[in-house]
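Throughout the sequence shown, residue numbering follows our numbering, covering 370 to 618 in sequence.
Backbone N, C-alpha and C define an ideal beta-carbon position, used for all residues, glycine too.
What you are looking at is a predicted structure, and each value in this text was computed from that prediction instead of being measured.
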Amino acid sequence: MTNDLRLGVNIDHVANVRNARGSDYPDPVRAAKLAEQAGADGITAHLREDRRHIRDGDIEALMDCLSVPLNFEMAATPEMQAIALRHKPHAVCIVPERREELTTEGGLDVVRAQNGLTGYIEPLRDAGCRVSLFIGADEAQVEASYRVGAAVVELHSGAYCDLFHEGKFEESNAELKRIVDMSTYAHSLGLEVHIGHGITFDTVKPLAEIPEAKELNIGHFLIGEAIFQGLEPAIHEMRRLMDEGRATL
Ligand code: PXP
């Protein structure tokens with residue numbers, strides 16, 4: 370059995386609850402520390418252009434207090450690049466961002482943006498950040514990610530998970546197959562494979578069974594589940610299911 374699958378916990382939604390009332394609680398940094406104690410291998414936080422959840426001060430505090438790596442999610446803007454270069458987090462995950470969206474709806478169009486992305490990634494890589502691109506499970510996007518110099522691709526699992534929860538199992542399986550195939554392809558190019566978005570207790574195992582997957586990034590479901598069973602037990606259960614999936618390898 371191989372068990373080399375990391376769990377990255379995204380704490381953005383703790384900040385959403387905090388910001389809903391303009392209070393200073395619940396503190397996403399406290400949640401990150403708790404997640405770390407519960408066995409998270411990394412913490413993910415998305416600093417949006419409009420600062421709707423995570424704020425600059427949260428990133429600073431996370432950089433100061435975490436023992437596990439921070440995966441800093443951001444749009445490919447000059448402002449975010451400057452912030453990343455100031456903090457030099459372990460990883461930078463570049464995501465598409467539209468102000469009106471509720472969450473990161475689709476993957477980055479690396480094929481279209483490749484000319485700009487190569488130069489954008491270079492200083493981040495030189496600063497020691499592992500640069501990851503959040504993309505749909507699509508061959509052209511994987512290939513372009515390799516070409517622009519990314520170290521990692523994070524494959525978007527939102528469609529697979531959503532279709533599963535809508536009971537559209539045939540379509541969901543087709544999406545899963547795309548993720549499986551593109552994990553193999555990305556790995557063959559030397560890219561590290563991460564998977565994220567929309568993952569729940571019901572959808573995690575088939576993703577954990579993908580041998581090339583090295584990290585799953587999970588936020589919304591875990592923070593929601595924490596209301597019912599607490600963050601630590603929710604993370605333990607996710608970890609257990611990931612281990613179960615991994616044990617089939
Ligand atoms: N990975 C990336 C790149 C994301 O943008 C998000 C959402 O912020 C996640 C993972 C986590 O998705 P979810 O909150 O649906 O688990």
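Open item on the list: The alpha helix (DSSP H) that contains Ala-543, what's its start and end?
Closed with: 538–557
- [ ] Please find out if some non-hydrogen atom of ligand 1 comes closer than 7 angstroms to the beta-carbon of His-459.
- [x] no
Open item on the list: Can you list, in chain order, the residues of its chain with a C-beta nearer than 7 angstroms to that of Phe-590? Leave out the 5 residues immediately preceding and following it.
Closed with: Ile-568 and Thr-569
TODO: Would you kindly check if the distance between the Cβ of Cys-498 and the Cβ of Val-461 is under 8 angstroms?
DONE: yes
Open item on the list: To the nearest angstrom, how far is the alpha carbon of Val-386 from that of Ile-592?
Closed with: 10 angstroms
Open item on the list: Taking the alpha helix (DSSP H) that Gly-527 belongs to, which residues open and close that run?
Closed with: 527–534
- [ ] Report the residue from Ile-579, Ala-384 and Ser-526 whose alpha carbon sits nearest the alpha carbon of Arg-399.
- [x] Ala-384
Open item on the list: Considering only the alpha carbon of each residue, which of Lys-537, Glu-491 and Gln-406 lies closest to Arg-516?
Closed with: Glu-491
Open item on the list: Less than 7 angstroms separating the Cβ of His-589 from some heavy atom of ligand 1?
Closed with: yes
TODO: Could you spell out the range, first to last residue, of the alpha helix (DSSP H) harbouring Arg-467?
DONE: Where Arg-467 is concerned, there is no enclosing alpha helix (DSSP H), given that its DSSP letter is neither H nor E.
TODO: Might you give, ordered along the chain, the residues of its own chain that have their beta carbon closer than 6 angstroms to the beta carbon of Asn-440, omitting 5 neighbours on each side?
DONE: Gly-377, Gly-411, Thr-413, Ala-460 and Cys-462
TODO: Starting from the C-beta of Leu-454, find all residues in its chain whose C-beta is less than 8 angstroms away, skip the five residues before and the five after it, and write them out in chain order.
DONE: Pro-492, Leu-493 and Ala-496
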